[in-house]
Every structure is written in C-alpha cells, then in structure tokens.
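Numbering (this note's numbering), first residue to last: 128 to 347.
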C-alpha cells in the first residue's frame, strides 16, 4: 500500500507577525527621544540667537544710545543794583539774571533726569543758585526751562576781588548748570552727565551784558 506524502512547505517569515527583541525596540525608542530633544534644543537656541541678533542690530542702529544735551540758550540781565559805602568800606550788590535753558533728548526712548540746580559763579565761587526739579523728556524731544538767578549779597561782600572789578566797571560771572540723566535702551541703562556754562561780562555803567561765551560738555 503506497502512502502518498504531501509536499512539505517551508516556513515563511511574515513581518507583520514577527516580534523584535525588547533590546532592539528600546534602542529605537531612545534614539527617537534623543532626536526630538536635539530638535527641541536646536530650535530654542536658534530662536534665542535670532532675538539676540535683532536686539544687537536695533541697539546699534535705531536704538543706539545718544547723549542728552543741556544748553543755556539765553541770558538776560533783569536787575543790577550796586552801592558802595567808603567808610566803612562796604558793598551792596543786587544782581538778577534770567536764564533760558534747554535739555534735549535725541534718543528714541525717553530719558529721566534728577533734581539739580543752576548756579551763578564769581571767580569759581558759588554766589547764587536756583533748583531745577527732576523730570522726564520724551523721545526726540526738548524741554525748555526759564530760571532766575539772584546773587546772595553776603557771599560777595567779603570778597576783595569784587571791589577791584567794580572800580574797573566790568563784572565777570559764570552761569553754570548740569544734569544727571538716565536713558534705558532696551535692557541697558546708560547714565549721562551733561554740563553747560556761560561766561558773562556785565558792564556796570550801562547795566547790560557786554558779551558772553558758552560751553557745553557731555560725559557717559
């Protein structure tokens, strides 16, 4: 009796039913996570670099810090009253000057300045001053102030030099003012000191200003 053998079929590999070892799937998952982290950090670093470049370009161009300026625009002699007593030698001097000063902020952001003062100097000595209150100046703006400086008579009465100047008919004084300002450009605070002074020669006989020379200086 013959036995009919069926053809033996070889085992076939089916990807759908194949199961990978745990070590292989774990490695693939770890590589995927690392790749995602790299992409994430690269994106964050790229965005930060872009922001830094934009800030740097703006700070060097549009928002580049510029120095605020203070200027004495005009000086006017309002009052000059002088009397000299020869015995005993005594001098009475009443001198009042009107000043117009301007504080200019050339920056694209506002600037703040502290309380300060304007002073009247005689041979470097303070003989009168007036306070200048703190304030804020807008971007690309100028603030104008009108000030009145009056001499303190007791500060010049004992100065021997003033007698000689009065006898010569010419009195030289200096109007001086300064500000301390702060400008914030993006994340940077910049402190600025600005000064302005005018040397004034007063003709005593005519009670008028003969000439004046002004100077300005800015320091960061």
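Ideal placement from N, C-alpha and C gives every residue a C-beta, glycine not left out.
Within-8 Å CB hit, residue i to chain D
i, result
"residue 244", "In summary, chain D is missing from the structure at hand, where a single protein chain is found."
Inter-residue CB distance, residue i and residue j (contact presumed, cutoff 8 Å)
i, j, result
"residue 308", "residue 195", "5 Å"
"residue 254", "residue 283", "5 Å"
"residue 209", "residue 278", "Actually they are not in contact, since the Cβ atoms of residue 209 and residue 278 sit about 10 Å apart, beyond 8 Å."
"residue 293", "residue 345", "Rounded, the Cβ-Cβ distance is 36 Å, inconsistent with contact."
"residue 347", "residue 312", "Rounded, the Cβ-Cβ distance is 12 Å, inconsistent with contact."
Outcome for residue i when other beta-carbon atoms lying within 10 angstroms are tallied against a minimum of 16
i, result
"residue 231", "buried"
"residue 325", "buried"
"residue 207", "buried"
"residue 335", "exposed"
"residue 310", "buried"
"residue 343", "exposed"
"residue 220", "buried"
"residue 276", "buried"
"residue 364", "With the chain represented from 128 up to 347, any question about residue 364 goes unanswered, as that position is not in the structure."
Cross-strand partners of residue i (DSSP beta bridge)
i, result
"residue 326", "301 and 340"
"residue 245", "257 and 304"
"residue 122", "Any property of residue 122 remains undetermined from this structure, which presents the chain solely from 128 to 347."
"residue 223", "206 and 277"
"residue 239", "263 and 309"
"residue 346", "320"
"residue 218", "211"
"residue 83", "Residue numbering for the chain in the displayed model covers 128 to 347; residue 83 lies beyond these limits and cannot be assessed."
"residue 196", "231"
"residue 201", "227"
"residue 335", "330"
"residue 315", "312"
Spatial neighbours of residue i in its chain, beta-carbon cut-off 6 Å, leaving aside the 5 residues before and after
i, result
"residue 263", "237 and 239"
"residue 203", "225"
"residue 229", "198, 200, 269 and 271"
"residue 404", "Past the boundaries of the shown model lies residue 404; the chain is included only from 128 to 347, so the question cannot be answered."
"residue 246", "253, 256 and 303"
"residue 323", "197, 198, 199, 304 and 343"
"residue 265", "237"
Cβ shell of residue i (< 7 Å), same chain only, five flanking positions each side left out
i, result
"residue 244", "256, 257, 258 and 259"
"residue 338", "328"
"residue 250", "288"
"residue 193", "233 and 234"
Contact test: residue i Cβ vs the ligand FMN heavy atom, cutoff 7 Å
i, result
"residue 301", "With respect to the ligand FMN, the structure shown offers nothing to examine, as it has no ligands at all."
Under 8 Å between C-beta atoms of residue i and residue j
i, j, result
"residue 296", "residue 331", "yes"
"residue 273", "residue 261", "no"
"residue 315", "residue 218", "no"
"residue 235", "residue 205", "no"
Close beta carbons around residue i, own chain, < 8 Å, minus the five adjacent residues each side
i, result
"residue 317", "192, 309, 310, 311 and 347"
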